[in-house]
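This report concerns only the one structure given below.
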Amino acid sequence: MTKLKIYVTRDQPGTALNNLGKLYDIKVNLEDRPVSKDELITQAKGVAGIIACVGDRIDGEVMDASGGSLKAICNAIVGYDNVDIKAATERGIYVTNTPGVLTETVADLTFGLILAVSRRIAESDRYIRSGNWRGWGPKQFLGFDVHGKTLGIIGLGRIGVAIARRARGFNMNLLYFDVRRNTDMEKELGLQFTDVENVLKNSDFVSVHVPLIPQTRHLIDKKELEMMKETAFLINTSRGPVINEKALVQALKDGKIRGAGLDVWDPEPPSADNPLLKMDNVVTLPHIASASVETRTKMIDMAIENLNAILDGKIPPHLINKDVIKVRPPSS
Ligand code: DGY
521 MTKLKIYVTR DQPGTALNNL GKLYDIKVNL EDRPVSKDEL ITQAKGVAGI IACVGDRIDG
581 EVMDASGGSL KAICNAIVGY DNVDIKAATE RGIYVTNTPG VLTETVADLT FGLILAVSRR
641 IAESDRYIRS GNWRGWGPKQ FLGFDVHGKT LGIIGLGRIG VAIARRARGF NMNLLYFDVR
701 RNTDMEKELG LQFTDVENVL KNSDFVSVHV PLIPQTRHLI DKKELEMMKE TAFLINTSRG
761 PVINEKALVQ ALKDGKIRGA GLDVWDPEPP SADNPLLKMD NVVTLPHIAS ASVETRTKMI
821 DMAIENLNAI LDGKIPPHLI NKDVIKVRPP SS
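Those letters in the sequence shown? Residues 521 to 852, per our numbering, in order.
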């Protein structure tokens with residue numbers, strides 16, 4: 521029997537893809553960069569499934585390039601702003617993601633950014649490597665304490681909660697805003713619910729954890745940055761476009777906030793002359809919040825579990841576009 525064709529947009533850690541190759545006729549992009557739209561169009565021809573990642577723009581044109589064979593787009597990531605969900609639903613294509621498995625790993629890294637930017641860890645690392653350190657000094661690399669400060673969380677989903685738990689260990693005060701109030705977590709973690717404006721005005725660290733949807737694009741813009749304390753730090757491990765990067769550059773230049781910790785960019789990768797890459801009060805990472813061996817292994821396993829379910833005619837465990845079931849019921 522001929523095997524179904526699957527395109528995998530990025531090579532993955534572990535042995536998951538070797539096993540996938542036993543079930544399907546797979547093609548994997550082995551280059552360490554996202555694939556372009558043209559490549560996606562070429563590779564989509566005749567495939568039953570695409571395993572996708574950050575940066576793959578999968579729109580109706582890519583879907584149609586399959587010639588009607590495409591049934592599954594399985595993200596090996598939790599975000600799904602890379603896929604045109606409406607277009608997929610209209611075409612009866614199931615779209616899945618990997619919720620839950622990366623929560624703790626992303627929260628670890630987010631907390632790492634909070635510590636790195638406030639205690640000047642990356643900057644100090646660059647300094648000692650430069651060979652210029654002449655020995656201990658009481659005025660060297662003075663940063664700011666994290667413990668006892670106020671952390672403002674915008675978006676209290678799974679990751680927001682996991683960060684709040686870590687912050688409790690640092691004896692931090694916790695403010696949050698979410699479109700849905702979570703009174704259970706308020707009681708358990710001592711979180712205080714308020715609006716975005718109050719989170720911005722009263723926090724020493726503001727950490728953003730919202731999905732990228734039209735309503736959250738530039739959620740943090742000039743006006744919001746100006747509401748923050750001049751001594752505050754902004755942390756982003758969600759999606760780059762949630763912050764207006766130009767406004768952030770200006771706010772940092774004007775001393776409207778003290779610093780930033782950024783794992784995500786708009787666009788990705790940032791251009792080499794992006795001013796944020798030159799600022800010592802900004803810690804910059806190449807979108808690695810979920811990048812632990814354990815978690816990335818679970819993410820690809822989960823994407824494959826979703827793919828197998830769809831191609832076996834079942835409802836996958838992590839279906840995003842539930843309406844697709846009405847367009848193409850699972851067994852068809
Ligand atoms: C995701 O899963 O959406 C992350 O941004 C990449 O790990």
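Note that beta-carbon positions come from the ideal geometry of N, C-alpha and C, so glycine has one too.
Using only alpha-carbon positions, find the residue among Thr757, Val762, Leu796, Pro761 that is nearest to lysine 773. Of the candidates Thr757, Val762, Leu796, Pro761, the one whose C-alpha sits nearest the C-alpha of lysine 773 is Leu796.
Quick one: what does DSSP say phenylalanine 631 is sitting in, helix, strand or coil? Phenylalanine 631 falls in the helix class under three-state DSSP.
What alpha helix (DSSP H) runs, 4 residues minimum, are completely inside the region 592 to 637? Runs found: 605 to 610.
Counting only the same chain and skipping the five closest in sequence on each side, list residues whose C-beta sits under 6 Å from that of tyrosine 600. Only Asn617, Ile840 meet the Cβ criterion.
Compute the Euclidean distance between the alpha carbons of aspartate 593 and proline 554, then round it to the nearest angstrom. Residue identity check: residue 593 is isoleucine in the sequence provided, not aspartate. So the alpha carbons of these two residues sit roughly 16 Å apart.
According to DSSP, what are the bridge partners of threonine 670? According to DSSP, which records beta bridges pairwise, threonine 670 is partnered with Asn693.
Apart from the five residues just before and just after valine 719, which ones in its own chain have a Cβ nearer than 8 Å to its Cβ? Hits under 8 Å: Gly672, Ile673, Ile674, Leu695, Tyr696, Phe697, Val726.
Is valine 730 near ligand 1, in the sense that its beta carbon is under 7 Å from a heavy atom of that ligand? no
Look at the alpha carbon of isoleucine 733 and the alpha carbon of proline 789, and state the distance between them as a whole number of angstroms. 20 Å
Quick check on DSSP: helix, strand or coil for threonine 562? helix
Measure the Cβ-Cβ separation of lysine 565 and alanine 585 and say whether it is below 8 Å. Yes. Within cutoff.
Measure the C-alpha to C-alpha separation of alanine 639 and glutamate 825 and round it to an integer number of angstroms. Note that residue 639 is arginine in the sequence shown here, rather than alanine. Taking the straight line joining both Cα atoms gives about 41 Å.
Counting beta carbon pairs with one atom in the region 697 to 711 and one in the region 751 to 759, are three or more of them shorter than 8 Å? no
On the DSSP bridge assignment, give the partners of glutamine 735 in chain order. None; glutamine 735 has no bridge partner.
Top-ranked residue by Cα proximity to lysine 669, from Val528, Met799, Asn722, Gly541: Asn722
Tell me which same chain residues have a C-beta within less than 6 Å of the C-beta of glycine 534, skipping the five on either side of it? Thr817
Okay, do the region 765 to 784 and the region 746 to 755 touch, 3+ Cβ pairs below 8 Å being the bar? Yes, since at least three Cβ pairs between the region 765 to 784 and the region 746 to 755 fall closer than 8 Å, the two stretches touch.
Nearest to valine 762 by CA position, among Leu754, Val730, Gln770, is which residue? Val730
Valine 762 CB to nearest heavy atom of ligand 1 below 7 Å: no
For the candidate residues Thr623, Thr804, Asn691, whose alpha-carbon lies nearest to that of serine 791? Thr804
Is there at least one non-hydrogen atom of ligand 1 closer than 7 Å to the beta-carbon of leucine 629? no
Residue span of the alpha helix (DSSP H) that contains glycine 541, given as start and end: 536 to 543
Taking the continuous beta strand (DSSP E) assigned at alanine 572, which residues delimit it? 569 to 572
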